[in-house]
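This report refers to the structure that appears directly beneath it.
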Amino acid sequence: MRKTITQISNSCKQLLPQLKKVAFMVPVLLMVICANTNLYAQTSTIKVTGTVSDPKGEKLIGVTVKVKGTALAAVTDVNGAYSINVPDKKSVLVYSYIGFSNKEELVGERKVINTTLSDASSSLSEVVVTGYGQTVKKSDLVGSIGSVSAKQIQERQPTSLADALEGQISGAQVVTDGGDPFSQGTIQVRGASTLSAGNNPLYVIDGVLNDDASFLNPQDILNIEVLKDAASAAIYGVRGANGVIIITTKGGKEGKARITANYYHLFGKLAHKLQTTSAKDLTYYRRVLNGGAGTGAAVNPDSVSTFDNKDNDYQDLLYRTGNKDNLNLNISGGQKGLLYYLGLNYFDDRSIIINSYAKSFNTQFNVDYQATEKFKITNKISFGYVTGNKVDVGNTASTVFQRNPWVSLYRPDGSLAGYVESKRNPVAFALIGENVPTNYIIQDNIAANYNIFKDLRFTASFNARMDNTGTEQFIPLSITSGALGPNSGSSNTDNKFSYEIQTYFNYNKKFGKDHSISAVLGYSRDHHKDGGFNIALQNYLSESVRVSSVADLVATGINTYVNSYYATESVFARAQYGYKDKYIVNGTYRRDGSSRFGPENQFGNFGAAGFAWRFSAEPFMAWSKKFLDDAKLRYSIGVLGNDNLKNDFLYSVLLNFGVGDNSNNSGTYFGNNGVYVSPKLGNPTLHWEETTTQNLGLDLTLFNGKLTVTPEYYFKKTNGLLSTQILPEETGVKSGAINLGNIQNQGFELTVNATPVTTKNFSWNINGNVTFQNAALITYLVPTATSINGSYLIKEGGHIGDFYLLNNMGVYQYDVSNAYDAAGNRLIPVGVNAAGTAATGYTNADGSSYTGAIRQMKRNGKILNGGSTIWQDINNDGAIDESDRQVLGNAIPKTYWGITNFFTYKRFTLNVTFNASFGGKVYNSIANGLNTESSNYTPPTVAAIYGSWQKPGDVATYPNMSGSVKDTYGSIANGTNSLYLEDGSFIRLASAKLTYNIPTKLIKKIGANTFNLYVYGNNLATWTNYSWYDPEFTTSNALQPGFDNGKYPRRREVGLGINIQF
Amino acid sequence: MKRILIIASLFGIALGISSCKKNLDLNPASGVTVDGYFKNQKDITAGLAGIYSAFQESMTGAGNTNDEGYGGKYHYWGDLRAETFLASTFTNNSVIEMSTNTLQFSNSSTDWAGLYRVISRTNLAIKYFPQVPASDPNVTPTILNNAMAQAYALRAESYFYIVRNWGDAPLWIEPYLDITQSGSKEKTKALTLIDSLIIPDLQNAYAMISKNQTPTVWYISEAAICAILADVYMWRANIPSGGGGGTADYTKALTWYNTLLTRKTPSGSLYNATTASTPAGAIGALEQGVNWKNNFLTPANASEPIWSIYWDYTVNGCACIPVFVGLSNNPVQLDPVFHAAFKAKYKTDVRVSRSIDTLTTLNHINMLYKYYNLTPTTAGITPVAGNLNFNVYLPMYRLADVYLSMAEAYAMTSDLPNALKYLNYVYVRARQTTATTVVTPIPATAYPSTALMVDGILAEEQFELLGEGKRWYDLVRMNRVHQVMDPVLNIRNATSVTVGNVTTVTPDTKGFIDAPNRYLWPVSQNALNANKKLVQNPGY
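Residue numbers (the working numbering), protein chains in the order written: chain C, 96 to 1157; chain R, 93 to 632.
And the structure:
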């Protein structure tokens, strides 16, 4: 599995023969086989009729009934009835329906066959998509794959993929931002395995490799498979190291058009309201600031000015009841040889901050055309359009805490005020500021399948994706500082285009009774281009026009055109062999080339092997047959790669020009553009990041499928982490891409699915998963690595996300409380005078008298006094500084779990999902920032106002905030203060949905087959000790997880919806 | 049908395998390799622009209000630690630390990255410029030498700032282009930097630059090289802790100053051409008093400037120096005591109304008018807040500061008459409210000793060079930090205790603590983090 270093030309030579062989084989085979193609003759037949129903007795409409081994097929009608002519008595009928297991019935002597299909979710024969046209029966899986079905998605009513997956799959840590209408959330499979930007898994949408799935409407998804281990993901080689999520969209079924319409409306409220500073709090604080005294405007504003006598609760003013509408319509159907699915979705989310909204429109159109018995063409085209208004959290939600409550929102003339006392008016910025994205995404995937033999299929596909994302921003004159202008705006457009070509062969064959083989061999290549323009304007002559002719172009280097591209190329193969379905072996190989690495390191080899043993099929397990349906032990090991650097061409030392995106202003002087070494220094030795994953799992199915238990253990080691190395400032460049070091993740996952009760009227299904992880342990770092990254320490033996802080141990009660013995133990002063400046003596912590020399702690060169924060002096040198920081917690949760309960009572179903996360810390940077008193006009948090030290003798949590002191003793330590490190654990009632299925006879009149009404709730309750809005939020920097610097607050939602199917 | 299928399949395959080498062999979209550059004259022009723009960013700023610190470091390094400025109401901890001598390693201005960025660009130029003539015959030795002279001089100037701010520092004379080699280096002694890098570089630069040319004020000229070199010789003694005990060489300094006087000004005259005044020769070659502000507003056409930093707000953005007039919340303001002293000369000194506002309230005392074409009246002036459209041309050297330095050098070599002569040029010019105003020069009896003469120079300099990034270095060089700063710091570091409604303010007594360690800045935590071979400066 070692990476081979090969020159480009060599690699090409190696690739080419294989491909030429493929190129040669296909047409030859096509000719041979096409010549033999004919439609088989119809002979005398037997007519079979019957009905198909679900376990509850509901008739199923649109079930496909096929005669096995032929193209003969029929579809059930609105009464669930079908009629089909079968060739003979040996014919086997195969019933298939979305969300249900396939069922086979031997015709025999019967003329009427009524049958019942069972739900797919509890079935071992469920098929799992493994990629590149391959599927595997769940029972034959060697690797670790978690699945989410259309039904589960339907129950959850998600608005994004992350929403759909949250709490559903062990090992997939899903983080969502519940309030922001634009957030897509993040999904991380089995811990961070990389430090660079690309911690996201690979999304394979109908076979197309994507970096995100943002354009997809969750309602169009048939199923989602999360590939977690190497055996499953290795087929995706370089792209698979962070896990792979395979998404299959819905397709059509033969028969009359099936129309499904779904509408829901949700009301949202700020889930967790925080206490903001009131005018009374502020008055109190101003007195504190003035050392307990103060008069006039500093403490009480002008009592006759209406402008200065408000008591605004900005949270109430900024937040509203959100409204979310979703209308989904899909039509599917088909006739022999031609199937189609059309999904339309309109989504309008007016979120909880005023004027914050998103609208999107998605379409998905899938067509399958079986041109001949052997040849099939499919086309899947998706289109997404998103627009709205992105309200800037920094200018609004964060300002809620920064602006003094007593100043008015409005000017005397009734217009919204912009800045007052240098603080933005959050309401004005939300209402009048504009940040309007307009995004279009279109993806098309054309695939041709040809069955060369019965067992050998050839597929060629071409797919292309275009993202056109643009943003228009505008700040009108009235909310600029002093309303003096200039008004300003910008417009940017980013164009991404990528295409991919895949060709592969699939081979599936059973030899005799005992041997089965499936294999895939293929080639793919892709090319990605990303370019964009930005222009900035100011002094708009009319504020209702946004085109450039109305304003002056700002010429300060903001106007840019940027462009970049990269390409990859791969060959891959996978084979699986099964003996008696008892022993299964699987092997994968992939060779990837990426333009992101220099010629020396362009190619990498990846692969995996997996073994499974169905020991329940062994004779010695016969005793367990009564309760154990199936038991399988599986192990896999493999190597995956990663080339996901934030930038292309990082292997090359480059010169940049002018005012680039990397530098600030240092690019132009006296009319000349400059040239300089790129601040991101190229690294020709840069190579693939490689993740080796081992997975040991056990699949147990008990009590006729009523209980499945899947414990799994994984060990994941990433070598050659791609990261950015901060270079010494003296080199004149800022950073370079390097292979920084190694990290490892290990964890244990348990998935349990149980159906404790099934009666005719009541059933209860519970699906739970839990993950225990030891994530991102750093096992090696290159010696030059920078260890301190903001509030974090990155060190060999430590973990990613280790908070590196000063330990806050309280506040000195008196000046004389700052007293230590030689060993660094704090002494307790006795007989302290009123000013706190003198004591008659000292005792040790145990109360015994102390007579030795007194040492006092210093910070910033000053002896700490009463009201200063007590810091732990790790090195006992009597001075608190950078060297006294220590690791005081980690941001990554140790455990997370999700539980979904599914109750059915007659026509009611209730679905309740909880998810939880434990052991992760969150740094409350926003509270810390407010308490720095960086501006006279910014009040601290209410807790700090009333909890601060004010006079000698106070026992306080927060230090002295008097204006004359103003953090000169370093008591706030923004970013390094353990006081602001909080427990981020939470349990959340993530969603609940109660559905009533209206009886069929009542809805027949309107021609509907099913008619569901439901009430739905999202984020209904959260139990956490975290003090700010919510402990769960996404992080853009993989090295700095759990850093809360002001996020869009989460909302609590309730609503109702209907679902009709015709 | 079959044929179509076959063709379609073939087409798919053909697409798949076409030219695999080309597929991965992509050229960078936003940069060129070093080997592919430095081939013709425009590459030299671009190389120099890269160097000057990095220096401009370090001094004036990155063109907005929210980059590292606030504006460039010119004022923070040269002015904020002295007595004329202090932290304003809208300040930040970094500025408080500078104005109260409580610097921390976390101070946003104690960052030498900007200067080393200039140095790395000069190193690139020095290494690659000489290869250009081989591929571009139009690049004559004169063109090349002039470009090399600029690179050498700016490298020396950057190291000179580093030595003055931090003392010992790592030495880089080659561009860093290979990431596989460690970029961490230990510090080199400050005196070694001065003697074996700064001075030779400047001598090289002077040897290479074309002589008797009329310079462009935005670039280093013959006179600028002389000025820097003289400055370096005078500074040489004042390298506290770790400097290695060099001695100032006033003779060499004066030699270079006198060479400077024979060079051409940006307006084409010579620096020793006497300006018309009453009586003749009273102000040397300085601009007339009424034209004093031309040094800052139109340095390209004036006869006194030697080297100023260019700015163009339409391209560079906001020249947001800490005393910018276009913003309403500057972190820095004038010291009220100094402000009062300066304002008292309103009627007799041409510089007052051209430098400062007459009001002491917010949005007046926290702005410096010197660099703007705005003249406050007795009622002050409130410029349009949020108007970032001002160009600020920060002077690096001009004749008045050269005269004051010459006065100092003569004073230190006990030539008091010459010292007084040059001091009086500046003194008289400032008081010539019209071209014909007769000003009584300072009599020789006022400053009968070297020490008093130095005090006299400093007294004049605080007004003449207000906000020109010189004051702090002059206090250190002339060994007047305690004398000037102790009383000021005792007031700034006073403690106030409030009992009930009575606030008692007790001035501090410690003065300037920890001299001479704190003459230097601490090495920034970022620098220490990234280069593990660095050690913190003593006292921090």
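From the three backbone atoms N, C-alpha and C, an ideal C-beta is built for every residue, glycine too.
Scanning its chain for C-beta atoms nearer than 7 angstroms, with the 5 sequence neighbours on each side dropped, one finds around C/R1147 the residues G363, K364, A366, N1114 and L1115, in chain order. Closest option to R/I254, judged by alpha-carbon separation, among R/N386, R/E396 and R/D203: R/D203. Cβ-Cβ distances below 6 angstroms link C/K829 to P774 in the same chain, with the five nearest sequence neighbours on each side left out; the list follows chain order. By the criterion of at least three beta-carbon pairs nearer than 8 angstroms, the stretch 169 to 179 of chain R is in contact with the stretch 421 to 430 of chain R. From the beta-carbon of C/F744, the residues of chain R found nearer than 7 angstroms are P120. Contacts between C/N768 and chain R, judged by CB atoms closer than 8 angstroms, involve A138 and A141 in chain order. Within the same chain, W501 and S503 come within 6 angstroms of C/K405 by CB-CB distance, once the 5 residues on both sides are set aside.
With distances taken between CA atoms, C/G164 lies nearest to C/L201 out of C/G175, C/L201 and C/T171. By the Cβ test, the stretch 784 to 803 of chain C is not in contact with the stretch 280 to 293 of chain R, since fewer than three Cβ pairs between them sit closer than 8 angstroms. A contact between stretches requires three or more CB pairs, one per stretch, nearer than 8 angstroms, and the stretch 805 to 824 of chain C fails this requirement with the stretch 849 to 860 of chain C. Counted as a single uninterrupted DSSP element, the beta strand (DSSP E) harbouring C/L872 occupies residues F857 to L876. Between C/G1152 and C/N425, the C-beta spacing is not below 8 angstroms.
Against chain C, the CB of R/Q242 has no partner CB under 8 angstroms away; the residue lies outside that interface.
Scanning C/F998, C/S196, C/T881 and C/I1155 for the CA closest to the CA of C/N1107 turns up C/I1155. When the Cα atoms are used, C/G429 and C/Y177 turn out to be separated by approximately 16 angstroms. It is roughly 43 angstroms from the alpha-carbon of C/T866 to the alpha-carbon of C/R954. In terms of Cβ geometry, C/Q263 and C/Q283 do not form a close pair [threshold 8 angstroms]. In summary, the residues of the stretch 880 to 914 of chain C whose CB is separated from some CB of chain R by less than 8 angstroms are T881, S882 and I883, in the order they occur in the chain.
By the C-beta criterion, the stretch 537 to 554 of chain C is judged to be in contact with the stretch 474 to 485 of chain C, since at least 3 inter-stretch pairs fall below 8 angstroms. If one requires a minimum length of 4 residues, the alpha helix (DSSP H) runs lying completely within the stretch 516 to 598 of chain R are 542 to 556, 563 to 569 and 573 to 584, in chain order. For C/D676, the CB contacts under 8 angstroms within the same chain, skipping 5 residues up- and downstream, are S234, D235, S611, R709 and A712 in chain order. R/M190 carries a helical assignment under DSSP once its states are collapsed to helix, strand and coil. Taking a Cβ-Cβ cut-off of 8 angstroms, the neighbours of R/L216 in chain C comprise Y771 and V772, given in sequence order.
The beta carbon of C/S586 sits closer than 6 angstroms to the beta carbons of E567 and I630 from its chain, once the five residues preceding and following it are set aside; these are given in chain order.
For C/E638, no CB of chain R lies under 8 angstroms from its own CB, so it is not counted at the interface with that chain. In the structure shown, C/I447 falls within a coil segment according to DSSP collapsed to helix, strand and coil. The Cβ atoms of R/A322 and R/A345 sit closer than 8 angstroms to each other. Within the stretch 394 to 473 of chain C, the complete alpha helix (DSSP H) runs of at least 4 residues fall at 409 to 413. For the stretch 936 to 962 of chain C, the beta-carbon criterion of a distance under 9 angstroms to any beta-carbon of chain R is satisfied by N955, G956 and K957.
Within the stretch 687 to 709 of chain C, G688, S689, S690 and Q697 place their CB atoms closer than 8 angstroms to a CB of chain R, listed in sequence order. In the same chain as R/G472, and ignoring 5 residues on each side of it, the C-beta atoms closer than 6 angstroms to its own belong to D449, T450, L451 and H456, in chain order. Boundaries of the alpha helix (DSSP H) harbouring R/M300: I291 to M300, taken from the DSSP string. In chain order, H574, M577, D578, P579, L581 and N582 place their CB closer than 8 angstroms to the CB of R/G603, counting only its own chain and leaving out the 5 sequence neighbours on each side. R/V124 has a beta carbon lying within less than 8 angstroms of a beta carbon in chain C. Exclusion of the five residues before and after C/D376 leaves V1037 and I1040 as the residues of its chain whose Cβ lies within less than 6 angstroms of its Cβ. In this structure the stretch 211 to 225 of chain R does not lie against the stretch 271 to 285 of chain R, because fewer than three pairs of beta carbons, one per stretch, are closer than 8 angstroms.
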